[in-house]
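Visitor: Just so you know, the sequences run in chain order W and X. With the working numbering, letter number 156 in the first sequence gets 156, and the count goes up by one each step, no holes. Residues are numbered in the working numbering as their position in the second sequence, beginning at 1, plus a constant of 160.
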Amino acid sequence: MASLDDLYRRVIMDHYQAPRNMGELADADATIQLKNPTCGDQIQLQMKVEDGKIKDAKFKGEGCSISMSSASMMTEAIKDLPVEKALELADRFSKMLLGEEVDLDDFDDIEALQGVCKFPARIKCATLAWKAMEKGVKESDKVDHHHDHHDHHHDGHHHD
Amino acid sequence: MIDPKIREEFPILNQKVNGHPLVYLDSAATAQKPIQVIEAVNEYYRKTNANVHRGVHTLGNWATDAYEGARTKVKKFINARSTEEIVFVRGTTSAINLVAQSYGRSFIGKEDEIVITLMEHHSNLIPWQQVAKFTGATLKYVPLQQDGTMSMEDIKATITEKTKLVAMTQVSNVLGTVNPIKEVAKIAHSVGAKLLVDGAQSIPHMKVDVQDLDCDFLAFSGHKMGAPTGIGVLYGKKELLEQMEPVEFGGEMIDFVDLHESTWKELPWKFEGGTPIIAGAVGLGAAIDFLQSIGMDQIEKHEHELVNYAMDQLKQVDGFTMYGPLVNHSSLITFNLKDVHPHDLATVLDTYGIAVRAGHHCAQPLMKWLNVSATARASFYLYNTKNEIDIWIDGLNKTKEYFGDGFIG
Ligand SMILES: Cc1ncc(COP(=O)(O)O)c(C=O)c1O
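(1) Can you name, in chain order, every residue of its own chain whose Cβ lies under 8 angstroms from the Cβ of Q192(X), other than the five neighbours on each side?
(2) Give the range of the beta strand (DSSP E) segment to which I274(X) is assigned.
(3) Is there at least one non-hydrogen atom of ligand 1 closer than 6 angstroms to the beta-carbon of Q361(X)?
(4) Hey, would you say A518(X) sits closer than 7 angstroms to A536(X), going by beta carbons?
(5) For ligand 1, I want to know if S283(X) counts as a neighbour, meaning its beta carbon is within less than 6 angstroms of at least one of the ligand's heavy atoms.
(6) Under 6 angstroms from any heavy atom of ligand 1, does the C-beta of S381(X) make it?
(7) What three-state label does DSSP hand L505(X) in the structure shown?
(8) Relative to ligand 1, is the shortest distance from any of its heavy atoms to the C-beta of G479(X) smaller than 6 angstroms?
(9) Classify L355(X) as helix, strand or coil using the three-state DSSP reduction.
(10) In angstroms, rounded to a whole number, what distance separates the CA positions of V102(W) and S65(W)?
(11) Return the bridge partner residues of F495(X) from the DSSP annotation.
(12) Could you check what DSSP says for A447(X) in three-state terms: helix, strand or coil?
(13) With respect to 6 angstroms, is the separation between the Cβ of N333(X) and the closest non-hydrogen atom of ligand 1 below this value?
(14) Under the criterion of a Cβ to heavy atom distance below 6 angstroms, does D358(X) qualify as lining ligand 1?
(15) Nearest-angstrom Cα distance between A379(X) and E271(X)?
(16) Residues of chain W with a CB under 8 angstroms from the CB of Y483(X): which are they?
(17) Going along the chain, which unbroken runs of the beta strand (DSSP E) with 3 or more residues stay wholly within the stretch 390-467 of chain X?
(18) Mind checking the stretch 119-130 of chain W against chain X and listing, in chain order, the residues whose C-beta falls within less than 8 angstroms of any C-beta there?
(19) Per DSSP, S381(X) forms a beta bridge with which residues?
(20) Along chain W, in chain order, which residues have C-beta atoms closer than 9 angstroms to that of M527(X)?
(21) So, L45(W) versus I32(W), is the Cβ gap smaller than 7 angstroms?
(22) Kindly indicate which three-state DSSP category M22(W) falls into: helix, strand or coil?
(23) Check this for me: beta carbons of K233(X) and G445(X), under 7 angstroms apart or not?
(24) Determine whether the beta carbon atoms of K300(X) and E273(X) lie at a separation below 7 angstroms.
(25) Would you identify the three-state DSSP class for S65(W), choosing helix, strand or coil?
(26) If we count Cβ pairs, one from each stretch, closer than 8 angstroms, do we get three or more for the stretch 242-251 of chain X versus the stretch 423-432 of chain X?
(27) List the residues of chain X that S72(W) touches, going by C-beta distances under 8 angstroms, in chain order.
(28) CB of T232(X) to nearest heavy atom of ligand 1: below 6 angstroms?
(29) Does ligand 1 have a heavy atom nearer than 6 angstroms to the CB of G251(X)?
(30) Does the beta carbon of T329(X) fall short of 6 angstroms from some heavy atom of ligand 1?
(31) Any idea if I416(X) is buried or exposed, counting beta-carbon neighbours within 10 angstroms, 16 or more meaning buried?
(32) Name, going along the chain, the residues of the stretch 78-94 of chain W whose beta-carbon falls closer than 9 angstroms to a beta-carbon of chain X.
(33) What is the rounded straight-line gap between the Cα of G63(W) and the Cα of Q42(W)?
(34) Where DSSP assigns a beta bridge to L299(X), which residues make up the other side?
(35) Compare the C-alpha of K131(W) against each of E24(W), S67(W) and D27(W) and name the closest.
(36) Using a Cβ-Cβ cut-off of less than 9 angstroms, list which residues of the stretch 51-69 of chain W approach chain X; keep chain order.
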């Protein structure tokens with residue numbers, strides 16, 4: 001049986017009570033608002049993306065300990081990561097929550113959310129912030145296009 | 161109180177969940193099914209199953225009798241004038257949508273007003289938003305008072321000469337408020353408006369008499385009263401149903417079909433296109449028999465005692481906030497616990513085998529009014545006991561300890 005302590009690890013509650021990167025960015029390249037319509041959790045994620053790298057990320061929102069701590073951990077983890085790396089992390093994170101074996105070496109605090117996979121009803125709470133990040137990356141990508149028409153990423157997208 | 165022996169009739173209640181005896185406090189979402197209903201559906205498929213209204217053969221007649229017999233039970237249960245006024249649908253949502261699409265789009269115009277309330281379930285809100293969009297009519301809301309009730313003054317002020325239809329829930333699935341439907345019907349009728357009642361949370365728990373209420377439409381779901389999912393009822397006054405066009409066309413609902421014109425069957429079948437929910441109706445009939453064998457008065461009394469007991473005990477829980485009126489409160493308690501998000505709360509309770517609902521309860525405008533993003537809800541039915549309420553409250557205290565000691569301090 002899944003025990004509560006699997007879900008509510010101390011690290012999680014620490015992020016819940018003292019969230020990192022809470023607030024707003026003045027010069028964001030992407031602002032994403034996302035809701036989990038079944039339960040009302042909501043998040044605003046802002047990101048600064050430069051040269052294919054996530055320079056900064058801040059969030060605010062309202063939700064349970066899992067969704068808010070996950071957002072806090074996510075913003076910490078993606079800062080200074082290349083966009084592709086952040087997306088790859090998001091992918092591995094989803095797999096971890098589905099109970100798949102994945103490499104957790106670079107997960108740091110995020111690993112604490114592994115127990116969520118034993119609580120299927122809560123998986124959506126944990127993935128909300130990551131979904132927002134994925135959306136935000138796409139949005140900032142569009143912004144990039146306007147600035148730089150020779151961008152490689154841009155070309156790649158055209159042939160999709 | 162109803163003898164707790166009744167629980168033996170509900171096989172699902174007799175099991176452990178996460179290592180604890182199941183304490184099911186989510187009947188407002190869907191009720192558990194008594195063995196009588198399970199057996200009736202089982203028997204129907206074992207011995208009676210055939211399509212209705214078409215067979216010459218014996219099973220076809222049996223199935224038709226079973227299906228139409230269920231209609232007669234519903235008619236008596238809500239005291240309709242005739243079975244022509246009882247349309248079988250999928251549930252409350254489809255019943256309201258039927259009225260919105262048929263009556264709403266034909267009889268409501270640009271200059272007209274539709275009046276609903278701030279406490280409506282999305283099922284009794286979005287169909288009217290859509291009618292307003294489609295027809296250009298104005299959608300108005302009766303406001304709520306601080307305690308989650310509506311004043312007669314506000315109701316009277318919102319319903320005007322322009323109002324064509326009032327749609328109101330009899331019992332709120334969040335606040336537990338019981339609305340004065342009989343009086344509202346009089347007010348609506350005095351300006352020539354029709355009244356649709358959402359009975360999803362009233363029909364399972366109290367005696368409802370459509371002639372006494374004098375409502376024009378009543379919608380309810382079988383699954384909240386012990387019947388299977390997928391069966392529900394639209395009651396409508398015959399003279400209104402007669403004027404309304406069907407919204408689903410096809411087999412079962414037609415009389416004569418020509419290449420370019422067809423005519424509809426008489427009431428209520430013109431609204432039941434396609435093979436109907438036969439086994440569901442049989443299950444609904446069995447659920448009505450079951451409820452009547454206990455007595456709706458007894459059920460109401462039992463739940464009243466449970467909810468009062470709970471409210472009394474909950475006073476001793478620090479940081480507990482309850483929403484809705486303190487008196488005349490139906491058998492559910494929507495609440496929040498200080499410093500614990502409702503999802504976390506529901507997860508912790510679940511590990512003790514206690515099932516409660518967390519979220520916005522399909523009433524987002526109401527959540528906004530309450531100024532919360534989510535709440536938790538415990539709802540009771542005829543099979544719940546005071547002992548289960550004690551277990552729930554104990555669970556609340558444990559949750560507080562868990563979050564308080566483990567993390568917050
Ligand atoms: C007040 C109210 N109206 C309507 C509904 C919708 O019922 P159903 O989902 O069975 O159509 C519900 C059930 O959640 C309800 O509580």
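Glycine included, C-beta positions come from ideal geometry on N, C-alpha and C. Since the model is a prediction, treat every value here as computed from it, not as a measurement.
Guide: Per the coordinate set shown:
(1) If we look at Q192(X) and ignore the five residues flanking it on each side, its Cβ neighbours are F170, I172, L173, Y184, G386, Y541 and Y543.
(2) For I274(X), the uninterrupted beta strand (DSSP E) segment begins and ends at E273 to T277.
(3) At least one heavy atom of ligand 1 is nearer than 6 angstroms to the Cβ of Q361(X), so yes.
(4) With a cutoff of 7 angstroms on beta-carbon distance, A518(X) and A536(X) are scored as near each other.
(5) The answer is yes for S283(X).
(6) Because some heavy atom of ligand 1 lies under 6 angstroms away, the Cβ of S381(X) counts as near it: yes.
(7) In the structure shown, the three-state DSSP call for L505(X) is helix.
(8) Checking every heavy atom of ligand 1 against the Cβ of G479(X), none is found closer than 6 angstroms.
(9) If DSSP states are grouped into helix, strand and coil, L355(X) belongs with the strands.
(10) Taking the straight line joining both Cα atoms gives about 24 angstroms.
(11) Under DSSP, F495(X) shares a beta bridge with M482(X) and A536(X).
(12) DSSP places A447(X) in the helix class (H, G or I) of the three-state scheme.
(13) Inclusion of N333(X) in the 6 angstroms shell around ligand 1 follows from its C-beta lying nearer than that to a non-hydrogen atom of the ligand.
(14) Flag set: Cβ of D358(X) near ligand 1.
(15) Looking at the two C-alpha atoms, the distance is approximately 26 angstroms.
(16) Chain W residues near Y483(X): none, gap ~15 angstroms exceeds 8 angstroms.
(17) The stretch 390-467 of chain X contains these whole beta strand (DSSP E) runs: 392-396, 414-417 and 422-424.
(18) Answer in chain order: F119, A121, R122 and C125.
(19) The bridge partners DSSP lists for S381(X) are G392(X).
(20) The answer, in chain order, is G40.
(21) Yes, these two residues count as a Cβ contact at 7 angstroms.
(22) The answer is strand: DSSP assigns M22(W) an E or B state.
(23) In contact: K233(X) and G445(X) (Cβ atoms closer than 7 angstroms).
(24) Yes. Within cutoff.
(25) Here S65(W) sits in helix by DSSP.
(26) Short answer: they touch.
(27) Result: empty, since nearest Cβ-Cβ is about 14 angstroms, beyond 8 angstroms.
(28) Because no heavy atom of ligand 1 lies under 6 angstroms away, the Cβ of T232(X) does not count as near it: no.
(29) Yes; taking the cut-off as 6 angstroms, the Cβ of G251(X) has a heavy atom of ligand 1 nearer than that.
(30) The nearest non-hydrogen atom of ligand 1 is less than 6 angstroms from the C-beta of T329(X).
(31) In the sequence on display, residue 416(X) carries Phe and not Ile. Only exposed fits F416(X), as fewer than 16 other CB atoms lie within 10 angstroms of its CB.
(32) Here the close residues number zero.
(33) Their Cα atoms are separated by approximately 6 angstroms.
(34) Paired residues: I274(X).
(35) The candidate whose alpha carbon is nearest that of K131(W) is S67(W).
(36) Correct list: E62, G63, C64, S65, I66, S67 and M68.
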